[in-house]
Amino acid sequence: MNVLKHILAGLIAVFLLSACQPNNNSQEQSSIDQQVEALLEQMSLEEKIGQMCQVNGGGGTLNDDFKQMLKEGRIGSILNEVDVTTINEIQRISVEESRLGIPVLIARDVIHGFKTVFPIPLGQAATWNPEIVREGCRVAAAEAASSGIKWTFAPMIDISRDARWGRIAESLGEDPHLTSVLGAAMVKGFQGDDLADENSIIACAKHFVGYGAAEGGRDYNSTLIPPRELHDVYLPPFEAAVDAGVRTFMSGFNDIDGVPATGNEYLMRDVLRDKWQFDGFVVSDWASVWEMINHGFAADEKEAAKRAINAGVNMEMASTTYEDNIAALISEGLISEAIIDQAVREILRVKYEAGLFDNPYIAEENQYQFAKPAYLEAAKLAATQSMVLLKNNKQTLPVSKNKTIALVGPMANQAYEQLGTWIFDGDSTLSVTPLMALQQELGAGKLLFAQALATSRTKHTKGFKQAIEQAKKADVIVFCGGEESILSGEAHSRANIDLPGAQNELIRALKQTGKPLVLVVMAGRPLTIGAVSEHADAVIYAWHPGTMGGAALADILLGKANPSGKLPVTFPKVVGQIPMHYNHKNTGRPANPDSWTHIDEIPVKAPQTSLGNESHYIDAGFTPLYPFGYGLSYTTFAYSGLQLDKDVYAQDDRIQVSFELENTGEVAGDEVVQVYVRDVAGSVSRPVKELKAFKRISLNQGDKTSVMLEIAIQDLAFHNIDMEKVVEPGEFQLWVGGDSTTELSTTFKVE
Ligand code: BGC
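Here the sequence shown is numbered in our numbering, starting from 1 and rising by one per residue.
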């Protein structure tokens, strides 16, 4: 009967619409809006509240209480249910046995792949390749959708400037522009062209906002983000996600200057809805509504629910303050039913757009479509492009196939660990480890193996002897270490970000053999490998590279692929340099190599003076271990002929940046060209440089190409002294090159 009502409402809407004949998209949207209104009108308050509740799934079992809740329409969304039979049963009960037949939205953290695992997002960011990033999310969406999932909590687009923070692994790094471009690519990958397509899932921009600025890199900690920095650094990736069509947002755990993100009316109403015109919905993070009591922002659950609802959180994840308090809040006049109607309207709209009302079920033939050859190929390409060559003295790499390699280390054959954080569904039996791939490439005779350390944290050294014996027999040593997947990710912040366990000791011992040493690091964050990498002749940063990580690495080691990843985040020399990011302010006393004196060179009893001193550490200096954007190749690239199309630009102009790029080495390769801009003087001081454009370019050896990149003058806008977003007239400097320290530059003016 109720299902009939739905159909009737839908038919009336379609009839009304065909009379007006608007274009297809707006026709669809207004048809959805009318269906939503028709449904909303029939809903009781309890049913509305139900739509606002997200509960954790039963892991393949549905008990009677759960079924009863579904029948009563008390669940809007379920997370962490991945069994298709159970999901179909959940939908059957919701659609056929509840009064209004509203399907449930099935959610899951599908962060960097489902069964086929792609590199961690930070690794994907190192590809600087939106196409590959989009493709990775397309694959993840198809696999997850075949398991009944219709909504992922990704992308995470929190700007991350602190390598201690475990969740830097899930981020796209420190830069607003790179994060915006790749975050948008992720949204498009997950959602596809049509949200209702059986291979599309709804994306969720998280964590709104500022979560990455957790004090000291301690997860869940408070943040202090000045308004200008919030608007110019932390918010842009979220705006880009809205522009890319993201349909949901997740509010963060953190507070910003005392206001928890989950209760932040300014951010979720004024910015997200009014300014950006977002008309999807916001889900809280796990119990983050309830946690506002811990924050001291709400006295009890009722107040927490009230603050989150007023701030614009449509759906509560995990905790039950909405379910338990909304009715009372309305009857006591503390919130209006209109605000609840609006919250539910936004949820229902997304459910309609996702095609759930048309078909909530997974068809038999669409179930469990995992690890197709094309998916594995895409994962391998992403891993290959994500690996960053940080050092390659005397062309240690690539290793010629007729040499014998000693493969050593705790990450060399770890099918599970190489997948990284947030891989609930990742299938480690699909993994190709470095050992497996090198064995296949070289055959047993040319490959010697010693794990030496059971895990990345192992401290005892009893495995060293065998490793050193193997190393002595080989031509080249490849040490594959880093950190296990559980050492990064949520709640896994580290105060010391050196290689854990006895890895440094092992590397030093291996170096003693006198053999060329290649250091491969698989990790969820930048590690402080400065001192130890001095013992290495070559260093590859492989992040947690996912299912095909070993195959990608073998190709790079043996020269079948040329490394092309670039760092999406600054690598500090020592943890005490954090926070460290390339787009900092200049300060009144910028660091100066000519006047910097190392701690060991300061004369004894040198007189106290601040004159001539600049912003630096006397022990660690002022430069990072590796700068943002950095990464080597087996070839070399030369930049020349930098030119802009004008000297002076108007506010609505676009700058055309042209230059020549030449592959000056011996092999074909990819270069990620990067354009940085500095606004020399403003009504407030501006960063020393900011990434404004980039492009990955493939070139054969000896080839030269003309490159042209465009930057809209409006992309140089920032929040001025009056907090208005403007491009201030004046002088600008522009650099082009292969990393953020490039010196090839020119200037221009804006009127
Ligand atoms: C995390 C979110 C995640 C959610 C659901 C939370 O602990 O902060 O990023 O989406 O759990 O698993």
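No residue lacks a Cβ here, since even glycine has one placed at the ideal position from N, Cα and C.
These numbers were taken from a predicted model, which means no experiment stands behind them.
Quiz prompt | Straight-line gap, Glu-731 to Ser-685 (C-alpha atoms, nearest Å) | solution = To locate residue 731, count along the sequence shown from 1; it is residue 731. To locate residue 685, count along the sequence shown from 1; it is residue 685. Near 13 angstroms, if we compare the C-alpha coordinates of Ser-685 and Glu-731.
Self-check item: Residue range of the alpha helix (DSSP H) that includes Met-759
Solution: Past the edges of the chain, shown from 1 to 751, lies residue 759, and the structure says nothing about it.
Quiz item: Do three or more CB pairs link the stretch 561 to 580 to the stretch 384 to 397 at distances below 8 angstroms?
Solution: Judged by Cβ distances under 8 angstroms, the stretch 561 to 580 makes contact with the stretch 384 to 397, as three or more pairs qualify.
Quiz item: By Cβ distance below 6 angstroms, which residues in the same chain neighbour Val-36 in space, the five residues on each side in sequence not counted?
Solution: By one-based count along the sequence shown, residue 36 stands at place 36. For Val-36, where only same-chain residues beyond five positions count, the Cβ hits under 6 angstroms are Arg-345, Leu-348, Arg-349.
Quiz prompt | Member of Tyr-368, Asn-63, Gln-577, Glu-239 whose CA lies at the smallest distance from the CA of Pro-624 | solution = Within the sequence shown, residue 624 is the residue found at index 624, counting from 1. Closest option to Pro-624, Cα to Cα, is Gln-577.
Quiz item: Among the residues of its own chain, which have a CB less than 8 angstroms from the CB of Ile-340, if the five just before and after it don't count?
Solution: Counted from its first residue, the sequence shown places residue 340 at position 340. Excluding positions up to five away in sequence, the list reads Leu-45, Lys-48, Ile-49, Met-52, Ile-309, Ile-326, Ile-330.
Self-check item: Beta-carbon proximity check, Ile-75 vs Trp-151, cutoff 7 angstroms
Solution: Position 75 of the sequence shown, counted from the start, is the residue given in the question as residue 75. Position 151 of the sequence shown, counted from the start, is the residue given in the question as residue 151. Contact flag unset, no.
Practice problem: Grab the span of the alpha helix (DSSP H) containing Arg-273 for me, first residue to last. | Solution: Reading the sequence shown from its first residue, position 273 is the one you call residue 273. Counting along the chain, Arg-273 falls outside any alpha helix (DSSP H), and DSSP gives it neither H nor E.
Quiz prompt | Under 5 angstroms, CB to nearest heavy atom of the ligand BGC: contacting residues | solution = Here the residues come out as Asp-109, Phe-153, Asp-285, Trp-286.
Quiz item: Under three-state DSSP, which class holds Gln-91?
Solution: Here residue 91 refers to the residue found at position 91 of the sequence shown. Here Gln-91 sits in helix by DSSP.
Exercise. In angstroms with no decimal places, state the Cα-to-Cα distance between Leu-39 and Ala-261.
Key: Position 39 of the sequence shown holds residue 39. Position 261 of the sequence shown holds residue 261. Using only the alpha carbons, I get a separation of about 31 angstroms.
Quiz item: Does DSSP put Lys-704 in a helix, a strand or coil?
Solution: Taking the first residue of the sequence shown as 1, we reach residue 704 at position 704. In this structure, Lys-704 counts as strand in the three-state DSSP scheme.
Self-check item: Ranges of the alpha helix (DSSP H) found wholly within the stretch 259 to 321, counting only runs of at least 4
Solution: Segments of the alpha helix (DSSP H) lying fully in the stretch 259 to 321: 291 to 295, 301 to 311.
Quiz item: Tell me the DSSP bridge mates of Asp-232?
Solution: Counting from one through the sequence shown, the residue named residue 232 turns up at place 232. According to DSSP, Asp-232 bridges with nothing at all.
Quiz prompt | Uninterrupted alpha helix (DSSP H) stretches inside the stretch 512 to 593 (no shorter than 4 residues) | solution = Counting only runs of at least 4 residues, the stretch 512 to 593 fully encloses the following alpha helix (DSSP H) elements, listed from N- to C-terminal order: 530 to 533, 549 to 557.
Self-check item: Buried or exposed (CB count within 10 angstroms, at least 16 for buried), Thr-747
Solution: Counting from 1 along the sequence shown, the entry for residue 747 is found at position 747. With fewer than 16 Cβ atoms within 10 Å of its Cβ, Thr-747 is classed as exposed.
Quiz item: For Gln-42, does the count of other Cβ atoms within 10 angstroms reach 16, so buried, or fall short, so exposed?
Solution: In the sequence shown, residue 42 corresponds to position 42, counting from 1. The residue is exposed, with fewer than 16 neighbouring Cβ atoms inside 10 Å.
Quiz item: Around the C-beta of Glu-522, are 16 or more other C-beta atoms found within 10 angstroms, so that it is buried, or is it exposed?
Solution: Counting from one through the sequence shown, the residue named residue 522 turns up at place 522. First, the amino acid is wrong: residue 522 is Met here, not Glu. With 16 or more other Cβ atoms inside 10 Å of its own Cβ, Met-522 counts as buried.
Quiz item: Where does the unbroken alpha helix (DSSP H) through Gln-68 begin, and where does it stop?
Solution: Your numbering for residue 68 matches position 68 in the sequence shown. Bounds of the alpha helix (DSSP H) holding Gln-68 are 64 to 71.
Self-check item: Exposure label - Ser-26; buried when at least 16 CB within 10 Å
Solution: Against the sequence shown, residue 26 aligns to sequence position 26. Exposed: under 16 other Cβ atoms inside 10 Å.
Quiz item: What residues match up with Pro-687 in a beta bridge as DSSP calls it?
Solution: Along the sequence shown, one-based indexing puts residue 687 at 687. In DSSP, Pro-687 forms a bridge with Lys-585.
Quiz prompt | Cβ neighbours of Gln-21 in the same chain (closer than 6 angstroms, five flanking residues each side left out) | solution = Taking the first residue of the sequence shown as position 1, residue 21 is located at position 21. The pLDDT assigned to Gln-21 is 46, lower than 50, so where the model puts this residue is not dependable; a value taken from the coordinates is nonetheless given after this. Hits under 6 angstroms: none found.
Quiz item: Looking at Ser-488 and Arg-525, is the spacing between their C-beta atoms short of 7 angstroms?
Solution: Residue mapping note: residue 525 aligns to position 525 of the sequence shown, counting from 1. Residue mapping note: residue 488 aligns to position 488 of the sequence shown, counting from 1. The beta carbons of Arg-525 and Ser-488 sit closer together than 7 angstroms.
Quiz item: What are the boundary residues of the alpha helix (DSSP H) that includes Val-139?
Solution: The residue labelled residue 139 in the question sits at position 139 within the sequence shown. Taken as a continuous stretch (DSSP letters only), the alpha helix (DSSP H) holding Val-139 covers 130 to 145.
Quiz item: Between the stretch 431 to 451 and the stretch 487 to 501, do three or more beta carbon pairs fall short of 8 angstroms?
Solution: Proximity of the stretch 431 to 451 to the stretch 487 to 501 falls short of the contact definition, fewer than three beta-carbon pairs being nearer than 8 angstroms.
Exercise. Tell me whether Ile-359 is buried or exposed, calling it buried when 16 or more other Cβ atoms sit within 10 Å of its Cβ.
Key: In the sequence shown, the residue the question calls residue 359 occupies position 359. It should be pointed out that residue 359 corresponds to Asn in this sequence rather than to Ile. Exposed: under 16 other Cβ atoms inside 10 Å.
Exercise. Indicate the three-state DSSP secondary structure (helix, strand or coil) for Gln-643 in the structure shown.
Key: Your numbering for residue 643 matches position 643 in the sequence shown. Strand at Gln-643.
Exercise. Flag Gln-414 as yes if its beta-carbon sits less than 7 angstroms from any beta-carbon of chain C, otherwise no.
Key: Considering every chain present, this structure includes no chain C. It has just one protein chain.
Quiz prompt | DSSP three-state assignment for Asp-197, whether helix, strand or coil | solution = Walking along the sequence shown from the start, residue 197 turns up at place 197. Here Asp-197 sits in coil by DSSP.
Quiz prompt | Ala-638 - partner residues in DSSP beta bridges | solution = Counted from its first residue, the sequence shown places residue 638 at position 638. Within the DSSP bridge table, the entry for Ala-638 names Glu-662 as partners.
Exercise. Could you round the C-beta distance between Phe-752 and Val-707 to whole angstroms and report it? I think they count as a contact, below 8 angstroms.
Key: Look at the range of the chain in this structure, 1 to 751, and you will see that residue 752 is not part of it.
Self-check item: Range of the contiguous beta strand (DSSP E) that encloses Phe-449
Solution: Position 449 of the sequence shown, counting from 1, holds the residue named residue 449. For Phe-449, the enclosing beta strand (DSSP E) has its first and last residue at 447 to 450.
Quiz item: Which residue's Cα is closest to the Cα of Arg-99: Ala-126, Thr-85, Lys-71?
Solution: In the sequence shown, counting from the first residue as 1, residue 99 sits at position 99. Closest option to Arg-99, Cα to Cα, is Lys-71.
Quiz item: Excluding the five sequence neighbours on either side, which residues of its own chain have a C-beta within less than 6 angstroms of the C-beta of Gly-217, listed in chain order?
Solution: Start at 1 with the first residue of the sequence shown, and residue 217 comes out as number 217. Hits under 6 angstroms: Asp-162, Arg-164, Trp-165, Ser-493.
Quiz item: Helix or strand or just coil, what does DSSP make of Ile-330?
Solution: Within the sequence shown, the letter at position 330 stands for residue 330. In the three-state reduction of the DSSP assignment, Ile-330 falls in the helix class, which pools H, G and I.
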